[in-house]
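**Student:** Our numbering numbers the first residue of the sequence shown as 4 and each following residue consecutively. Dropping the structure in here first, questions after.
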Amino acid sequence: MRRGRPPQIVAYGGGGFSMEPNNPLLDEYVLGLCRRKKPKVCFFPSASGDADHYVVRFYRHFSSEICDPSHISLFRRDCGPGAVREHLLKQDLIYVGGGSILSLLGVWRAHGIDEDLRAAWQAGVILVGVSAGSLCWFDSGLTAYHHDAKPYQGLGFLSHSNAVHYEEESDRRPAYHQALREGMPGGYAASDGAALHFIGDDLHRVVLSRPNARAYRVEVAGEDVVEHPLEATYLGERPKLELAAA
4 MRRGRPPQIV
14 AYGGGGFSME
24 PNNPLLDEYV
34 LGLCRRKKPK
44 VCFFPSASGD
54 ADHYVVRFYR
64 HFSSEICDPS
74 HISLFRRDCG
84 PGAVREHLLK
94 QDLIYVGGGS
104 ILSLLGVWRA
114 HGIDEDLRAA
124 WQAGVILVGV
134 SAGSLCWFDS
144 GLTAYHHDAK
154 PYQGLGFLSH
164 SNAVHYEEES
174 DRRPAYHQAL
184 REGMPGGYAA
194 SDGAALHFIG
204 DDLHRVVLSR
214 PNARAYRVEV
224 AGEDVVEHPL
234 EATYLGERPK
244 LELAAA
């Protein structure tokens, strides 16, 4: 386990550098978890088809001044697979971008990246993602990319289900409730600006980059679907974490 860290995942309902370029609170939070002055951060833009503009924005926000950044492309030869697992195991943080969850899972499974990521997670490398990059870690959830919301089967690192952009896209909540009634396991829903921090399979805390963002535990109780609002910490009002020396 890397430096004695337990397995951790931080799943953004929406936010981070790609959605809140002028609000660094969530990304500062995950960098702080690394407890290093210049953590190694690897970006996976797979869900966007390795869009060039997404990679450029990553390097702009995760510059060499604050971390040791890298990215892995599965659609470009210059940063192709190579020794992926070896590279991932050397990271402090792996950051997965948004886009199509179905495309993301398909290309990862084709290249064996899913098992490489599981090995990194179990070794203590912190996994982070937004939108599709949040959905992927869970047992199941809903995708609404290019179509009405429908269920997908995720990597299952976390045994719960997941819903993102929960209060920003009108079809998310009713579709998630219907999926739960039809047998999807209970789980967590997060609006843009809310992030779910898991240690192992358990929710450790909820953090917010916007004071009005919200997150919920959502599950079936009898014939009803029940939402339990989760206590959350707005990061704009917390003292910054002190980073330990590398």
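Beta carbons are placed, not taken as given, at the ideal position from N, Cα and C, and that holds for glycine. Every value quoted in this text rests on a predicted model; they were computed, and no experiment measured them.
If contacts are defined as beta-carbon pairs under 8 angstroms, then K43 and K93 qualify, I think. What distance do you get, rounded to the angstrom?
**Tutor:** Numbered from 1 along the sequence shown, position 40 holds the residue referred to as residue 43. Numbered from 1 along the sequence shown, position 90 holds the residue referred to as residue 93. Contact holds; Cβ gap of about 6 angstroms.
**Student:** Taking the beta strand (DSSP E) that L28 falls in, what are its first and last residues?
**Tutor:** Position 25 of the sequence shown, counted from the start, is the residue given in the question as residue 28. No beta strand (DSSP E) holds L28; the alpha helix (DSSP H) holding it covers 28-36.
**Student:** What residue range does the beta strand (DSSP E) around I75 cover?
**Tutor:** The sequence position of residue 75 within the sequence shown is 72, counting from 1. Going by DSSP, I75 is part of no beta strand (DSSP E) at all; its letter is neither H nor E.
**Student:** What's the call for A248, buried or exposed, on a 16-neighbour Cβ count within 10 Å?
**Tutor:** Sequence index remark: in the sequence shown, residue 248 carries index 245 (1-based). Low per-residue confidence applies at A248: pLDDT is 46, beneath 50, and the placement is therefore not dependable, though the value from the model is reported in the following sentence. Exposed is the call here.
**Student:** Grab me the residues of A147's own chain with a C-beta within less than 7 angstroms of its C-beta, minus the 5 sequence neighbours each way, in chain order.
**Tutor:** Counting from 1 along the sequence shown, the entry for residue 147 is found at position 144. Same-chain partners within the cutoff: E172, D174, R175.
**Student:** Do Y155 and V131 have their C-beta atoms within less than 8 angstroms of each other?
**Tutor:** As a first step, residue 155 must be located in the sequence shown, where it is residue number 152. As a first step, residue 131 must be located in the sequence shown, where it is residue number 128. Pairing Y155 with V131 gives a Cβ-Cβ distance that is not under 8 angstroms.
**Student:** Return yes when the Cβ of D30 is within less than 8 angstroms of the Cβ of G19, no when it is not.
**Tutor:** In the sequence shown, residue 19 corresponds to position 16, counting from 1. In the sequence shown, residue 30 corresponds to position 27, counting from 1. Yes, the pair counts as a contact, with Cβ atoms nearer than the cut-off.
**Student:** Just the Cα atoms here: how many angstroms apart are L246 and R184?
**Tutor:** Taking the first residue of the sequence shown as position 1, residue 246 is located at position 243. Taking the first residue of the sequence shown as position 1, residue 184 is located at position 181. A caution first: L246 carries a pLDDT of 49, below 50, which makes its placement in the model unreliable, though a value can still be read off. Approximately 44 angstroms, taken between the alpha carbons.
**Student:** Decide if D95 is buried, meaning its Cβ has at least 16 other Cβ atoms within 10 Å, or exposed.
**Tutor:** Taking the sequence shown and counting its residues from 1, one reaches residue 95 at position 92. When all chains shown are included, D95 counts as buried.
**Student:** Between A218 and V229, is the Cβ-Cβ spacing less than 8 angstroms?
**Tutor:** Start at 1 with the first residue of the sequence shown, and residue 218 comes out as number 215. Start at 1 with the first residue of the sequence shown, and residue 229 comes out as number 226. Not in contact: A218 and V229 (Cβ atoms no closer than 8 angstroms).
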